[in-house]
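Q:
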Amino acid sequence: MAAIGLFQKGDNIFYAKVEDGELYKLKGDIFGAPSFQKTPIPKKGFRTLVPVQPSKIIAVGLNYADHAAESGLEAPETPLFWLKSPKSILPDGGKIEIPFEKHRTDYEAELAIVIGRSIRNVTP
């Protein structure tokens with residue numbers, strides 16, 4: 006399986022596919038029909054960046070019964086939505102800062118979906 010990320014080497018910033026531990030540089034538009042170089046590029050001296058610079062992040066919570074139950078809460082009739090700062094996305098090795106020590110901090114893995122164009126009836 007391959008993943009696509011944003012990388013930096015020196016002053017050069019580029020998207021690449023990571024497959025079997027190798028980087029393959031993007032040819033074309035990441036939000037179009039991307040294609041990649043066939044030959045991997047040398048791995049040394051890379052920095053992994055955040056993959057996108059969103060203008061906003063819309064979060065949804067307690068949107069399925071199992072998650073609500075494990076949190077000790079009842080699932081609401083409608084999901085909870087809130088906004089997060091785009092600065093909350095960190096690159097590999099980024100420092101997590103908790104602004105208020107006494108604030109209740111929750112942690113979990115997140116999945117981001119970038120929608121580059123209209124889609125409909127998509128199956129996994």
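Going by our numbering, the first residue of the sequence shown is number 6, and it counts up by one from there.
Yeah, the Cβ is synthetic: ideal placement off N, Cα and C, and Gly gets one too.
1) Just how far apart, CA to CA, sit residue 22 and residue 46?
2) Between the stretch 80–95 and the stretch 46–63, do at least 3 Cβ pairs fall closer than 8 Å?
3) Following the continuous beta strand (DSSP E) through residue 27, name the residue where it begins and the one where it ends.
4) Any heavy atom of the ligand MN within a distance shorter than 6 Å of the CB on residue 100?
5) Rounded to a whole number of angstroms, what is the C-alpha to C-alpha distance between residue 81 and residue 67?
6) So residue 24 is in the beta strand (DSSP E); what residue range does that whole segment cover?
7) For residue 41, which of 98, 9, 78, 18 has the nearest alpha-carbon?
8) When burial is assigned at 16 or more other CB atoms within 10 Å of the CB, is residue 28 buried or exposed?
9) Going along the chain, which unbroken runs of the beta strand (DSSP E) with 3 or more residues stay wholly within the stretch 44–97?
10) Could you give the distance in angstroms between the alpha-carbon of residue 12 and the alpha-carbon of residue 62?
11) I'd like the list of long-range same chain contacts for residue 30, defined as Cβ closer than 7 Å, with 5 residues on each side in sequence excluded.
A: The answer reads as follows:
1) In the sequence shown, the residue the question calls residue 22 occupies position 17. In the sequence shown, the residue the question calls residue 46 occupies position 41. Cα-Cα distance, rounded: 11 Å.
2) yes
3) Walking along the sequence shown from the start, residue 27 turns up at place 22. Segment 27–32, the beta strand (DSSP E) holding residue 27.
4) As far as ligands go, the structure on display features none, and thus does not contain the ligand MN.
5) Translated into the one-based positions of the sequence shown, residue 81 becomes position 76. Translated into the one-based positions of the sequence shown, residue 67 becomes position 62. Their backbone Cα atoms lie some 7 Å apart in a straight line.
6) Translated into positions along the sequence shown, residue 24 becomes position 19. Element bounds for residue 24: 17–24.
7) Within the sequence shown, the letter at position 36 stands for residue 41. Minimum Cα distance to residue 41 is reached at 9.
8) Taking the first residue of the sequence shown as position 1, residue 28 is located at position 23. By the 10 Å Cβ count, residue 28 comes out buried.
9) 52–54, 62–66, 85–89
10) The residue you call residue 12 lines up with position 7 of the sequence shown. The residue you call residue 62 lines up with position 57 of the sequence shown. Each residue's Cα considered, the two are about 22 Å apart.
11) Position 25 of the sequence shown, counted from the start, is the residue given in the question as residue 30. Excluding sequence neighbours, residue 30 sits near 19, 21, 41, 42, 46.
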